[in-house]
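Just so you know, we're using the numbering used here here: the sequence shown kicks off at 7 and counts up by one. For glycine and all other residues, C-beta sits at the position ideal for the given N, C-alpha and C. Keep in mind the model is a prediction, meaning the values are calculated, not measured. Report on the following structure.
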Amino acid sequence: MTDTLVWRRPAEPVTNDPLYAAVRLAEELRNLEIPADIHHGVGIALVSVWIDLVVWTNGVSYHWWSGKTSARGRRRYAYSPVNDPLTAARRVAVRYADLRGGHPLSEMVEETQCVLPNDRRPVDLRGRRLASPVWPE
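Right, dumping it as structure tokens:
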């Protein structure tokens, strides 16, 4: 009998399509309740997450600034293959949490949007909620 890893997910096939890789990462980030915007061009796609946190992909790997610098002052980047977007999203989520603590929303934005902690519902500028979640009973 051979030992098998039952917790390991099968890796997704690499399509070498940067837009597909960016969409998959953004989906996994949304599952972790982290908003993200996607921008794409020729041969590259960007997933904008927060201030100083933009993930870019060429369809083979994801790259983002780890928040660290080398002895020479150069930025050190984190890497993750695109065939495992869930792990990449979890690693990006750790960096997002670090940055979110250091760069909270400005007071003006919070007052205008009436933002509550961890509340991502849309709001109009008059302060009324546009959408209320339906809570199961």
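Which value, in whole angstroms, describes the spacing of the CA atoms of residue i and residue j?
i	j	result
His45	Ser54	8 Å
Leu31	Ala94	7 Å
Arg82	Leu59	13 Å
Thr63	Ala51	5 Å
Asp43	Arg97	17 Å
Thr21	Pro91	13 Å
Anyone know if the C-beta pair for residue i and residue j falls short of 9 Å?
i	j	result
Pro87	Ser72	no
Can you give me the start and stop residues for the beta strand (DSSP E) that residue i sits inside?
i	result
Val60	59 to 63
Val98	That residue, Val98, is in no beta strand (DSSP E); its alpha helix (DSSP H) goes 91 to 108.
Gly73	67 to 75
Quick one: give me the first and last residue of the alpha helix (DSSP H) that residue i is part of.
i	result
Pro24	24 to 37
Residue i bridges to which residues according to DSSP?
i	result
Arg81	Thr75
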